[in-house]
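When we follow our numbering, the leftmost residue of the sequence shown carries the number 2, and every step to the right adds one. Positions of the beta carbon are idealized from the N, C-alpha and C atoms, including for glycine. None of these values were measured; they are calculated from a predicted model. Below is one structure, written out as structure tokens; the observations come after it.
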Amino acid sequence: MEDSSSEFINWLNNNPEARAFMAMRDGKRIPLGLMVQLGLQAIFRDPFLYFVRNYPGGIGIKLRELYYKNKFNKMGRCVIIDEGVRIEGSNNISVSDFVWIDKNVSLLAGGGSISIGRRVHIAENVLIAGHGRIIIEDYVAIARGASLYSHSETIVGGKRLSGPMVPEYQKGMKTAPIKISKDALIGVNVLVLPGVTIGTGAIVGANSMVNKDVKDWDIVFGTPARVVGRRPKVTVEDI
2 MEDSSSEFIN WLNNNPEARA FMAMRDGKRI PLGLMVQLGL QAIFRDPFLY
52 FVRNYPGGIG IKLRELYYKN KFNKMGRCVI IDEGVRIEGS NNISVSDFVW
102 IDKNVSLLAG GGSISIGRRV HIAENVLIAG HGRIIIEDYV AIARGASLYS
152 HSETIVGGKR LSGPMVPEYQ KGMKTAPIKI SKDALIGVNV LVLPGVTIGT
202 GAIVGANSMV NKDVKDWDIV FGTPARVVGR RPKVTVEDI
């Protein structure tokens with residue numbers, strides 16, 4: 002079985018927009034067939050997706066429900082996908098019942114997967130980069146502006162940290178799953194790095210950076226996040 006990093010590279014190589022970008026970045030000519038494909042997408046597909054993604058109010062929510070029900074790997078009932086949500090790799094995304102994906106969230110699952118449990122709220126402007134797989138269990142809340150990266154640049158001897166404008170083979174990368182366990186709370190502007198598990202009921206305070214596992218019911222805060230307390234266990238019933 003291929004590792005997540007290889008799956009992501011394969012996805013890049015099979016994605017038309019990514020292939021065109023990589024050709025430009027590497028100083029190569031974009032193949033004519035690829036230019037035609039992207040041109041047709043720009044004329045027919047992209048305006049339709051823009052309309053679906055950004056139509057306001059209840060009608061827009063219903064449109065997105067109908068559209069993504071046929072695109073997601075799995076989609077439960079009573080799912081709200083708000084305006085401006087960016088979704089990539091929709092066939093690798095599973096969403097359970099009673100989920101609210103708020104305005105301008107980014108769900109990026111190309112070459113990986115994102116799984117979202119029941120009664121989850123993902124607040125405005127959250128970025129979930131699931132290229133290395135991300136699991137969000139039931140009753141999780143992720144506050145505004147948080148970022149979860151399961152695939153990210155890191156220090157590797159002799160490799161660059163230069164972002165998308167250098168080829169993948171020149172970059173030091175870490176690709177590892179992230180798990181946000183049941184009843185956890187991720188605070189405003191939190192950064193969660195690859196390979197981290199946030200335990201059941203754990204709280205990550207605002208503006209924290211999490212680079213290692215957080216135990217069940219711990220409260221952590223800071224950069225890097227450290228334990229500052231404990232919270233009581235949830236005793237109300239699941240609904």
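Assigned secondary structure, Ser91 (DSSP; H/G/I helix, E/B strand, else coil): helix
Simplified DSSP assignment, three categories, for Asp219: strand
Under the three-state DSSP convention, the category Ile240 falls into: coil
Cβ contact check for the stretch 134 to 151 and the stretch 189 to 197: 3 or more pairs under 8 Å: yes
Residue nearest to Ala110 in terms of C-alpha spacing, selected from Ser97, Val121, Gly90 and Ser116: Gly90
Where Lys172 sits in the DSSP three-state scheme: strand
Where Lys72 sits in the DSSP three-state scheme: coil
Coil, strand or helix - Arg231 by DSSP: strand
Proximity below 8 Å, CB of Lys104 to CB of Glu138: no
Member of Arg145, Thr201 and Pro165 whose CA lies at the smallest distance from the CA of Thr236: Thr201
Per-residue burial, Leu186 [other beta carbons within 10 Å of its own, 16 or more giving buried]: buried
Run of the beta strand (DSSP E) containing Val80, from where it starts to where it stops: Val80 to Ile82
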